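In the working numbering, the protein residues as written are 29 to 200.
Note that CB positions come from ideal geometry on N, CA and C, so glycine has one too.
Given the structure is predicted, the values throughout are model-derived calculations rather than measurements.
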Amino acid sequence: MVFQQVSGVNIVLSYTVEVFGSIDSSVDPHIASAVVAAVQVGGTILSSILMDKAGRKLLYITSATCMSVSYFVLGVYSYIVKKSEHPVNLHYYGWIPLVCLTVYMFAFSLGLGPIPFVMAPEMAPIRFRSMIVAIAFLMGSLSGFIVTKTFEDGRALLGIYGLFGCTLVYAY
(Lines of atoms letter the chains of each structure in order from A and count residues from 1; the text may use other names and numbers.)
(Lines give C-alpha, C1' and ligand atoms only; values in the text may rest on other atoms or scores of the structure.)
Protein backbone atom coordinates (compact mmCIF):
# COMPACT_ATOMS: atom_id res chain seq x y z
CA MET A 1 0.00 0.00 0.00
CA VAL A 2 2.96 2.30 0.55
CA PHE A 3 4.11 2.04 -3.08
CA GLN A 4 0.54 2.68 -4.16
CA GLN A 5 0.61 6.06 -2.44
CA VAL A 6 4.25 6.91 -3.22
CA SER A 7 3.50 6.40 -6.92
CA GLY A 8 2.03 9.91 -6.84
CA VAL A 9 -1.69 9.33 -7.01
CA ASN A 10 -2.39 11.80 -4.22
CA ILE A 11 -0.38 14.43 -6.07
CA VAL A 12 -2.56 13.93 -9.13
CA LEU A 13 -5.78 13.89 -7.10
CA SER A 14 -4.95 16.82 -4.82
CA TYR A 15 -2.93 19.10 -7.09
CA THR A 16 -4.30 18.54 -10.59
CA VAL A 17 -5.09 22.22 -11.13
CA GLU A 18 -1.66 23.32 -9.83
CA VAL A 19 0.15 20.68 -11.92
CA PHE A 20 -1.61 21.80 -15.10
CA GLY A 21 -0.87 25.42 -14.27
CA SER A 22 2.81 24.75 -13.67
CA ILE A 23 3.40 22.65 -16.81
CA ASP A 24 1.99 25.29 -19.15
CA SER A 25 -0.76 23.18 -20.67
CA SER A 26 -3.10 24.68 -23.23
CA VAL A 27 -6.04 22.94 -21.53
CA ASP A 28 -7.93 24.81 -18.82
CA PRO A 29 -6.73 23.36 -15.47
CA HIS A 30 -10.24 23.09 -14.01
CA ILE A 31 -11.59 21.22 -17.04
CA ALA A 32 -8.54 18.95 -16.97
CA SER A 33 -9.17 18.19 -13.31
CA ALA A 34 -12.76 17.17 -14.07
CA VAL A 35 -11.62 14.97 -16.96
CA VAL A 36 -9.01 13.22 -14.79
CA ALA A 37 -11.61 12.57 -12.07
CA ALA A 38 -14.11 11.19 -14.59
CA VAL A 39 -11.45 8.90 -16.04
CA GLN A 40 -10.71 7.62 -12.53
CA VAL A 41 -14.35 6.64 -12.06
CA GLY A 42 -14.45 4.91 -15.45
CA GLY A 43 -11.21 3.04 -14.78
CA THR A 44 -12.45 1.82 -11.41
CA ILE A 45 -15.69 0.51 -12.92
CA LEU A 46 -13.77 -1.26 -15.68
CA SER A 47 -11.35 -2.69 -13.13
CA SER A 48 -14.14 -4.31 -11.16
CA ILE A 49 -15.30 -6.03 -14.32
CA LEU A 50 -11.84 -7.10 -15.55
CA MET A 51 -10.15 -8.08 -12.28
CA ASP A 52 -11.22 -11.71 -12.24
CA LYS A 53 -11.50 -12.12 -16.02
CA ALA A 54 -8.12 -10.74 -17.10
CA GLY A 55 -6.24 -11.65 -13.95
CA ARG A 56 -4.77 -9.45 -11.27
CA LYS A 57 -1.17 -9.96 -12.28
CA LEU A 58 -1.77 -8.78 -15.84
CA LEU A 59 -3.77 -5.77 -14.67
CA TYR A 60 -1.11 -4.88 -12.10
CA ILE A 61 1.79 -5.07 -14.57
CA THR A 62 -0.15 -3.20 -17.25
CA SER A 63 -1.15 -0.56 -14.74
CA ALA A 64 2.39 0.01 -13.46
CA THR A 65 3.82 0.14 -16.98
CA CYS A 66 1.25 2.64 -18.26
CA MET A 67 1.67 4.80 -15.16
CA SER A 68 5.45 4.88 -15.54
CA VAL A 69 5.30 5.66 -19.26
CA SER A 70 2.80 8.46 -18.74
CA TYR A 71 4.91 10.00 -15.96
CA PHE A 72 8.02 9.70 -18.14
CA VAL A 73 6.35 11.48 -21.05
CA LEU A 74 4.96 14.13 -18.71
CA GLY A 75 8.38 14.66 -17.13
CA VAL A 76 10.07 15.01 -20.54
CA TYR A 77 7.34 17.38 -21.73
CA SER A 78 7.62 19.60 -18.65
CA TYR A 79 11.44 19.59 -18.87
CA ILE A 80 11.33 20.66 -22.52
CA VAL A 81 8.78 23.39 -21.82
CA LYS A 82 10.73 24.76 -18.83
CA LYS A 83 14.32 24.34 -20.01
CA SER A 84 14.15 24.66 -23.79
CA GLU A 85 15.92 27.61 -25.41
CA HIS A 86 13.26 27.64 -28.12
CA PRO A 87 9.67 28.28 -27.08
CA VAL A 88 7.31 25.33 -27.42
CA ASN A 89 4.10 26.00 -29.31
CA LEU A 90 1.50 25.01 -26.75
CA HIS A 91 -1.23 25.18 -29.35
CA TYR A 92 0.11 21.98 -30.92
CA TYR A 93 1.53 20.20 -27.87
CA GLY A 94 -0.45 21.59 -24.92
CA TRP A 95 -2.73 18.53 -24.87
CA ILE A 96 0.10 16.18 -23.86
CA PRO A 97 -0.26 16.79 -20.08
CA LEU A 98 -3.97 16.01 -20.21
CA VAL A 99 -3.40 12.76 -22.08
CA CYS A 100 -0.57 11.76 -19.74
CA LEU A 101 -2.52 12.39 -16.54
CA THR A 102 -5.67 10.72 -17.84
CA VAL A 103 -3.66 7.65 -18.90
CA TYR A 104 -1.95 7.69 -15.50
CA MET A 105 -5.24 7.89 -13.61
CA PHE A 106 -6.94 5.29 -15.81
CA ALA A 107 -4.01 2.91 -15.35
CA PHE A 108 -3.96 3.51 -11.59
CA SER A 109 -7.69 2.85 -11.33
CA LEU A 110 -7.32 -0.28 -13.42
CA GLY A 111 -4.68 -2.02 -11.33
CA LEU A 112 -2.45 -0.34 -8.80
CA GLY A 113 -5.38 1.37 -7.08
CA PRO A 114 -7.85 -1.43 -6.35
CA ILE A 115 -5.72 -4.59 -6.41
CA PRO A 116 -3.83 -4.01 -3.12
CA PHE A 117 -7.14 -3.44 -1.34
CA VAL A 118 -8.48 -6.72 -2.72
CA MET A 119 -5.34 -8.77 -2.13
CA ALA A 120 -4.38 -7.60 1.36
CA PRO A 121 -7.22 -9.43 3.13
CA GLU A 122 -6.75 -12.51 0.95
CA MET A 123 -3.05 -12.86 1.79
CA ALA A 124 -3.39 -12.49 5.56
CA PRO A 125 -4.21 -15.46 7.78
CA ILE A 126 -7.78 -15.32 9.06
CA ARG A 127 -6.66 -15.10 12.68
CA PHE A 128 -4.61 -11.92 12.13
CA ARG A 129 -6.44 -10.54 9.11
CA SER A 130 -8.07 -7.50 10.71
CA MET A 131 -4.85 -6.39 12.42
CA ILE A 132 -2.67 -6.88 9.33
CA VAL A 133 -5.12 -5.12 7.03
CA ALA A 134 -5.52 -2.24 9.50
CA ILE A 135 -1.73 -1.79 9.71
CA ALA A 136 -1.41 -1.96 5.91
CA PHE A 137 -4.13 0.66 5.44
CA LEU A 138 -2.57 2.83 8.14
CA MET A 139 0.84 2.69 6.47
CA GLY A 140 -0.74 3.49 3.10
CA SER A 141 -2.62 6.46 4.53
CA LEU A 142 0.45 7.72 6.35
CA SER A 143 2.60 7.51 3.23
CA GLY A 144 -0.14 9.24 1.21
CA PHE A 145 -0.20 12.03 3.76
CA ILE A 146 3.59 12.42 3.62
CA VAL A 147 3.63 12.48 -0.19
CA THR A 148 0.85 15.06 -0.30
CA LYS A 149 2.45 17.30 2.33
CA THR A 150 5.92 17.20 0.73
CA PHE A 151 4.75 17.87 -2.83
CA GLU A 152 5.39 21.61 -2.74
CA ASP A 153 8.84 21.15 -1.21
CA GLY A 154 9.70 18.49 -3.78
CA ARG A 155 8.54 20.69 -6.63
CA ALA A 156 10.64 23.58 -5.34
CA LEU A 157 13.69 21.34 -4.90
CA LEU A 158 13.52 19.13 -8.00
CA GLY A 159 11.22 21.02 -10.32
CA ILE A 160 8.02 19.47 -11.61
CA TYR A 161 9.91 17.30 -14.10
CA GLY A 162 12.23 15.95 -11.38
CA LEU A 163 9.25 15.13 -9.21
CA PHE A 164 7.64 13.16 -12.03
CA GLY A 165 10.92 11.33 -12.55
CA CYS A 166 11.10 10.31 -8.90
CA THR A 167 7.51 9.10 -8.72
CA LEU A 168 7.76 7.11 -11.96
CA VAL A 169 10.37 4.95 -10.22
CA TYR A 170 7.86 4.11 -7.49
CA ALA A 171 5.04 3.55 -9.97
CA TYR A 172 6.94 0.66 -11.48
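Have a look at residue i and residue j and give me their C-alpha separation to the nearest angstrom.
| i | j | result |
| --- | --- | --- |
| Thr141 | Ser98 | For the sequence presented, residue 141 should be read as Gly rather than Thr. Cα-Cα distance, rounded: 16 angstroms. |
| Gly49 | Thr178 | 18 angstroms |
| Leu126 | Ala60 | 6 angstroms |
| Pro115 | Asp181 | 27 angstroms |
| Cys94 | Pro153 | 32 angstroms |
| Val131 | Tyr105 | 15 angstroms |
| Ile163 | Val67 | 30 angstroms |
| Asp80 | Pro149 | 16 angstroms |
| Ile124 | Ser169 | 30 angstroms |
| Leu237 | Glu113 | What the structure shows of the chain is the stretch from 29 to 200, and residue 237 is not part of that stretch, so it cannot be assessed. |
| Met147 | Ala62 | 29 angstroms |
| Ser96 | Phe145 | 21 angstroms |
| Ser35 | Arg155 | 31 angstroms |
| Ile73 | Ala82 | 14 angstroms |
| Val161 | Leu191 | 30 angstroms |
| Arg157 | Phe165 | 12 angstroms |
| Ile143 | Ile89 | 11 angstroms |
| Met151 | Val40 | 29 angstroms |
Considering only residues of the same chain and omitting the five flanking positions on each side of residue i, which have a CB-CB separation below 7 angstroms?
| i | result |
| --- | --- |
| Ser91 | Ala135, Phe136, Leu138, Gly139, Leu140 |
| Gln33 | Gly168, Ser171, Gly172, Val175 |
Could you please give the first and the last residue of the uninterrupted alpha helix (DSSP H) stretch that includes residue i?
| i | result |
| --- | --- |
| Tyr26 | For residue 26 there is no data in the structure shown, the boundaries of the chain being 29 and 200. |
| Thr44 | 44 to 50 |
| Ile154 | Where Ile154 is concerned, there is no enclosing alpha helix (DSSP H), given that its DSSP letter is neither H nor E. |
| Val131 | 124 to 135 |
Hey, residue i and residue j are a contact pair by Cβ (cut 8 angstroms); roughly how many whole angstroms apart?
| i | j | result |
| --- | --- | --- |
| Gly71 | Met133 | 7 angstroms |
| Val55 | Gly122 | 6 angstroms |
| Met29 | Met159 | Going by Cβ atoms, the distance from Met29 to Met159 rounds to 15 angstroms, so no, they are not a contact pair. |
| Ser42 | Thr176 | 5 angstroms |
| Val64 | Thr44 | 6 angstroms |
| Lys85 | Gly187 | Actually they are not in contact, since the Cβ atoms of Lys85 and Gly187 sit about 35 angstroms apart, beyond 8 angstroms. |
Give me, in chain order, the residues of the same chain whose beta-carbon lies closer than 6 angstroms to that of residue i; leave out the 5 immediate sequence neighbours on both sides.
| i | result |
| --- | --- |
| Cys128 | Ser98, Val101, Leu102 |
| Asn38 | Gly172, Val175, Thr176 |
| Leu185 | none |
| Pro57 | Val45, Phe48, Gly49 |
For residue i, I'd like the list of residues in its chain whose CB is within less than 8 angstroms of its CB, leaving aside the five on either flank, ordered along the chain.
| i | result |
| --- | --- |
| Leu78 | Leu87, Leu138 |
| Arg183 | Ser50, Leu191 |
| Tyr120 | none |
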